[in-house]
Amino acid sequence: MRHLVLLLPFLALGFGQGTLTLYTSEVLADVNALVEAFRARNPGVQVQVFRSGTGEVVAKLRAELEAGNPQPDLLWFANEDYLKELSGKGLLRRIPPTVPGFPVQYAYGGGLYYEVRLLYNILAVNTQRVREPPLLWRDLLKPQYRGLLAMPDPNFSGAALATVGTLAGRLGFSFFEGLREQGMRIEQSNPVLQQKLGRGEYGLAITTDFGVRQEIARGAPLAVVYPRDGAILVPTPVAVTSWSKNPQLAVRFLQFLLSPEAQGIFAERGYYPVIPGAPRPRGAPERVTGLRAQFADAATLARFNSLFELRR
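Residue numbers for the sequence shown follow my numbering, so the first one is 1 and each next one is one higher.
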C-alpha cells in the first residue's frame with residue numbers, strides 16, 4: 001500500500017489529550033501492533049500515521065519543508081543519510097540516552113536519532129525451489145541460481161538502497177552487473193517480494209529478515225540465510241523533529257519503543273530487539289555477522305536504475 005493515513009488512539013502516558021504525527025516506512029501492521037499496546041493502557045491521545053516506502057516518505061517531507069509546513073513529530077524510516085542531512089540543519093531534537101541498558105552505539109549523533117530494533121538484509125530461500133541455498137553474497141552468481149532471484153526497488157525501499165550501496169562498495173558494481181546477467185528481477189517492495197517468494201514465483205530473494213519470518217509464521221515454505229560474509233544491518237532509526245508541536249509526547253513514544261513491552265512486540269513480529277537480554281525472534285540465531293549498511297549515493301543509484309531499466 002503506497003500511501004495510507006490512519007488516525008488511531010495513542011497512549012497518553014500522563015499527558016492527557018494530544019496528537020502526534022508519525023511519518024514511517026515501517027510495515028503498517030507492526031506499527032499498529034505498537035499503537036495497540038498503548039491503547040490497551042491509556043487511550044486518549046491521537047496519532048496520525050503516514051506510511052509509504054522510504055523514498056516516498058522522504059520526498060513528501062522534502063516538499064513540506066520547501067513549503068515551510070512540515071507535519072511529522074516523529075520520523076521512522078530507512079535512510080540514515082537523510083536524517084544526517086536534517087540533523088546538520090538543526091531539524092532534529094537531541095534526546096539524551098536514558099533507557100537503562102541501551103547500547104549507546106545505537107543512539108546516533110549522541111541522541112539525535114535512535115535504533116529501536118535491528119533489521120538485517122539477508123538471503124531468503126523458497127525451500128521447495130532451492131535445495132542448496134547460497135552461503136555467501138557472491139554465491140548468487142553461480143549458474144544454479146540463474147533466473148531465481150529478485151530484490152526490492154531501491155528507489156522505493158530504503159533497505160534495498162542499503163543493499164545496493166553496501167554490496168557495490170564491498171564487491172564492486174560489477175556484482176550487480178553479474179546479477180543482471182543472472183536474470184535478477186526487481187519488485188517494488190519487500191512485502192510484495194516476500195509474498196511472491198512464498199508462492200514460488202521466485203526461488204531466492206535479497207530482502208529483510210523479519211518479513212521472511214512473518215511469512216514463515218503464516219506457513220510459507222521459506223528459510224532465512226544470514227550470509228557468512230555478513231548480513232546487512234540496515235539503520236532504521238526514530239527521530240523527534242525540532243518543529244514538533246508535542247515534543248514531550250514524541251519523546252515518550254520513542255522511550256516506549258525501547259521499553260520491555262515494545263521490545264517483546266518487536267521480537268514477536270520477527271525483529272531482533274535492540275536492548276541486550278530481550279528475547280530474540282523465534283528461530284533466529286543467537287548471533288549474526290553484520291555489515292554496517294552504506295546507502296547508495298545518487299550516482300550509484302542512477303547506474304543501478306540504468307542497468308535494470310527502472311523508470312525514475
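Just so you know, even glycine gets a beta-carbon here, dropped at the ideal spot from N, CA and C.
Taking only three categories from DSSP, how would you classify residue i?
{"i": "Ala302", "result": "helix"}
{"i": "Ile275", "result": "coil"}
{"i": "Asn32", "result": "helix"}
{"i": "Leu11", "result": "With a pLDDT of only 34 at Leu11, under 50, the local geometry of the prediction cannot be trusted, and the value read off the model is given with reservation. Note: Leu11 maps to coil in three-state DSSP."}
{"i": "Glu181", "result": "helix"}
{"i": "Ala220", "result": "coil"}
{"i": "His3", "result": "Unreliable placement is indicated for His3, whose pLDDT of 40 sits below 50; no coordinate value is reported for it."}
{"i": "Trp137", "result": "helix"}
{"i": "Val130", "result": "coil"}
{"i": "Pro152", "result": "strand"}
{"i": "Val313", "result": "It is not possible to answer for residue 313, since the shown part of the chain is limited to 1 through 312."}
{"i": "Leu112", "result": "coil"}
{"i": "Leu123", "result": "strand"}
Over the uninterrupted alpha helix (DSSP H) stretch that includes residue i, give me the two end residues.
{"i": "Ile265", "result": "Pro260 to Glu268"}
{"i": "Leu193", "result": "Asn190 to Arg199"}
{"i": "Pro247", "result": "Pro247 to Leu257"}
{"i": "Ala284", "result": "Neither: Ala284 is in no alpha helix (DSSP H) and is coded neither H nor E."}
{"i": "Thr166", "result": "Gly158 to Leu171"}
Along the chain, where does the beta strand (DSSP E) containing residue i start, and where does it finish?
{"i": "Gly290", "result": "Gly290 to Arg292"}
{"i": "Ala231", "result": "Ala231 to Leu233"}
{"i": "Ala239", "result": "Val238 to Val240"}
{"i": "Pro103", "result": "From DSSP, Pro103 is part of no beta strand (DSSP E); its letter is neither H nor E."}
{"i": "Ala205", "result": "Leu204 to Thr208"}
{"i": "Tyr23", "result": "Thr19 to Thr24"}
With respect to 7 Å, is the separation between the Cβ of residue i and the closest non-hydrogen atom of the ligand SAM below this value?
{"i": "Ser189", "result": "Only the bare structure without any ligand can be found here, which leaves the ligand SAM out of the picture."}
In terms of DSSP beta bridges, what is residue i paired with?
{"i": "Leu118", "result": "Tyr272"}
{"i": "Glu187", "result": "Pro152"}
{"i": "Val225", "result": "Leu123"}
Is there a Cβ of chain C sitting closer than 8 Å to that of residue i, yes or no?
{"i": "Gly165", "result": "Of the protein chains in the structure, only one exists, and it is not chain C."}
Cβ contact (3+ pairs, closer than 8 Å) linking the segment 104 to 122 and the segment 155 to 172
Judged by Cβ distances under 8 Å, the segment 104 to 122 makes contact with the segment 155 to 172, as three or more pairs qualify.
Review point. What beta strand (DSSP E) runs, 3 residues minimum, are completely inside the segment 44 to 99?
Key: 45 to 51 and 74 to 76
| request: Count the CB pairs spanning the segment 279 to 290 and the segment 249 to 267 that are closer than 8 Å, and state whether there are at least three. | output: yes
Is it a yes or a no for the segment 188 to 202 touching the segment 140 to 152, going by three-plus beta-carbon pairs under 8 Å?
-> yes
Worksheet item: Do the segment 22 to 30 and the segment 128 to 139 meet, that is, are 3 or more Cβ pairs less than 8 Å apart?
Response: Result no; under three Cβ-Cβ pairs closer than 8 Å.
Exercise. Decide if the segment 108 to 115 is in contact with the segment 57 to 66; the criterion is three or more beta carbon pairs, one per stretch, under 8 Å apart.
Key: no
With a threshold of 8 Å, are at least 3 pairs of Cβ atoms found where one atom belongs to the segment 39 to 50 and the other to the segment 207 to 221?
no
Next on the checklist: Does the structure place the segment 224 to 237 close enough to the segment 68 to 85 that three or more beta carbon pairs sit under 8 Å?
Outcome noted: yes
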